[in-house]
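S.K.: Questions regarding the structure given below will be posed in turn.
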Amino acid sequence: MSVSRQCVILVGGKGSRLGALTRERPKPLLAVGGRPFLSYLVQEAARHGFTRILLLAGFKAEVFADEVAALRAAAPATVDLKVIVEPEPMGTGGALKFAGPHLDETFLLLNGDSLFDINLLDLSIALPDAGVARLALKAQPDVSRYGTVELAADRVRRFAEKSAAGGPGLINGGVYWMRRAILDHIGPGAVSLETDVLPTLAASSRLFGKVYDRFMLDIGLPDTLEQAQSSIPAQMRRPAVFLDRDGVINRDVGYAHRSDQIVWVEGALAAIKSLNDAGYYVFVVSNQAGVARGNYTETDVKALHAWMAERMAEQGAHVDAFSYCPYHPEGIVAEYAKASPRRKPAPGMILDLLQAWPVQKADSFLIGDKAIDVEAAAAAGLPGYLFEGGDLRVFVADRLARRP
Ligand SMILES: [Mg+2]
145 MSVSRQCVIL VGGKGSRLGA LTRERPKPLL AVGGRPFLSY LVQEAARHGF TRILLLAGFK
205 AEVFADEVAA LRAAAPATVD LKVIVEPEPM GTGGALKFAG PHLDETFLLL NGDSLFDINL
265 LDLSIALPDA GVARLALKAQ PDVSRYGTVE LAADRVRRFA EKSAAGGPGL INGGVYWMRR
325 AILDHIGPGA VSLETDVLPT LAASSRLFGK VYDRFMLDIG LPDTLEQAQS SIPAQMRRPA
385 VFLDRDGVIN RDVGYAHRSD QIVWVEGALA AIKSLNDAGY YVFVVSNQAG VARGNYTETD
445 VKALHAWMAE RMAEQGAHVD AFSYCPYHPE GIVAEYAKAS PRRKPAPGMI LDLLQAWPVQ
505 KADSFLIGDK AIDVEAAAAA GLPGYLFEGG DLRVFVADRL ARRP
């Protein structure tokens, strides 16, 4: 069973609490750290493997038409970005219903004006059959500004609108894993998910939730928009774990290039998920000299990585980028028969990733099963650790426990 790669983002709100700022510009397009806030959400969805992104626009939709080309250009090449414009203000539920024909059986839904820094795939793995949606929740010391959510085990018992009563509680983090069946619970006309649909689903025990103790910010108020200017870009700077592939993630059988040759190392997928949950970037850095040696092609390598990504997603895990080096000086395929600064023990693959992603080098490290892996890490200025077999989840947990 493959996991849906669709991410729907609600970008149709008016942002009335921001006054003049949103008179001409929809809130998700306001600049944060020098670029549209929405571009962070697209980037976050893309790195989790959500490649089909649907923007549900309404207010000032014509501005989206102008900006979508820039958003596409800034997004990874794998991302397919579409905009659906509601014909009249329909509320968040109405907008979703209007987009119905374009929705997968299950999909990720994001509020377009907040960022909750969680492992987005974690939400997808535990929606019970009886459930229509699973929500990411955040504990707040004072909920007076928000609607509140009451959770009993994994079930949402009550989904309440804003009330005057303050104090600690759980709030909706604006990230949902949903079944398309939610459309059956949305009536005609203007309907709000938060005031109409979710409270009803909670009352009929079809709404589930999980609390995440992670960074969350919505840009709906002048002071939170100001705060976002530094805190959102800072939040995107994460430490990274670089993983060798053969011998660390899957058993090294020698030039594996087909899915039937993959035997996962014990705990490998759980180890990757634990790094996703902890807020690390996870990169694969793999020498694939089999391409230069004519054993298989780059197309095979990419197809295998896509297959591996599917299996990871089923367990709530993902790799942010698979890097590989197809070159070898003694290769027999002419175009790959050369030395490469990316081939380990040279650090090229790691350096390229450090360049392309906002990695915080402190607290980043590599795990490999050979000396050349650790040498490549050292040449890139990172610690490298030798994994000599066993359970990778335990190995990673041990590394994380020793963080300074
Ligand atoms: Mg290896």
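Going from the sequence shown to the working numbering is simple: count from 1 and add 144.
Just so it is clear, CB atoms sit at the ideal spot from N, CA and C, and this is done for glycine as well.
Have a look at the DSSP bridge pairing and note the partners of M322.
M.R.: Beta-bridge pairing links M322 to F251, A277.
S.K.: Mind checking which residues open and close the beta strand (DSSP E) that includes F509?
M.R.: Unbroken beta strand (DSSP E) run through F509: 509-512.
S.K.: Can you tell me the Cα-Cα spacing of A221 and A309, whole angstroms?
M.R.: Looking at the two C-alpha atoms, the distance is approximately 47 Å.
S.K.: Note the first and the last residue of the continuous alpha helix (DSSP H) segment covering D224.
M.R.: Unbroken run through D224 is the beta strand (DSSP E), 224-229; no alpha helix (DSSP H).
S.K.: Which first and last residues belong to the beta strand (DSSP E) in which Q150 is found?
M.R.: Residues 150-154.
S.K.: Taking the alpha helix (DSSP H) that D496 belongs to, which residues open and close that run?
M.R.: Per DSSP, D496 belongs to the alpha helix (DSSP H) from 492-500.
S.K.: Going along the chain, which unbroken runs of the alpha helix (DSSP H) with 4 or more residues stay wholly within the segment 313-364?
M.R.: The qualifying runs are 342-347.
S.K.: For I516, write down the residues that DSSP places opposite it in a beta bridge.
M.R.: Its beta-bridge partners do not exist; DSSP assigns none.
S.K.: Taking the alpha-carbon of A274 as reference, which of L345, A217, N263 has the nearest alpha-carbon?
M.R.: It is L345.
S.K.: In this structure, what does DSSP give as the bridge partners for V429?
M.R.: Per DSSP, S467.
S.K.: Under the rule that 16 or more other beta-carbon atoms within 10 Å means buried, what is R350, buried or exposed?
M.R.: Classification for R350: buried.
S.K.: Determine the DSSP secondary structure at N420, reduced to helix, strand or coil.
M.R.: Correct three-state label for N420: helix.
S.K.: Leaving out five residues on either side along the sequence, give the residues of the same chain with a beta carbon under 7 Å from the beta carbon of R437.
M.R.: H472, G475, I476.
S.K.: Pull up the CB-CB distance for I315 and V300, whole angstroms please, since I reckon it's below 8 Å.
M.R.: Not quite, the Cβ-Cβ distance comes to about 12 Å (not below 8 Å), so this is no contact.
S.K.: Around ligand 1, which residues pass a check of Cβ closer than 7 Å to any of its heavy atoms?
M.R.: Matched residues: D388, R389, D390, G391, V392, D396, G512, D513, K514, D517.
S.K.: Suppose the cutoff is 6 Å on Cβ atoms and the five residues either side in sequence are ignored; what does the same chain contact list for K306 look like?
M.R.: Excluding residues within five positions, the ones whose Cβ falls inside 6 Å are G291.
S.K.: Where do the ends of the beta strand (DSSP E) carrying R196 lie?
M.R.: It spans 196-201 - the beta strand (DSSP E) in which R196 sits, taken as one unbroken run.
S.K.: Could you check what DSSP says for D298 in three-state terms: helix, strand or coil?
M.R.: D298 falls in the coil class under three-state DSSP.
S.K.: Can you name the start and end residues of the alpha helix (DSSP H) that L536 belongs to?
M.R.: Residues 536-545.
S.K.: Nearest CA to the CA of A205: which residue from R216, E168, P180, R196?
M.R.: Per the Cα distances, E168.
S.K.: Among G156, F194, A277, which one has its Cα closest to the Cα of A243?
M.R.: The option with the nearest alpha carbon to A243 is G156.
S.K.: Residue ranges of each beta strand (DSSP E) run of no fewer than 3 residues wholly in the segment 157-219, ordered along the chain?
M.R.: You should have 196-201.
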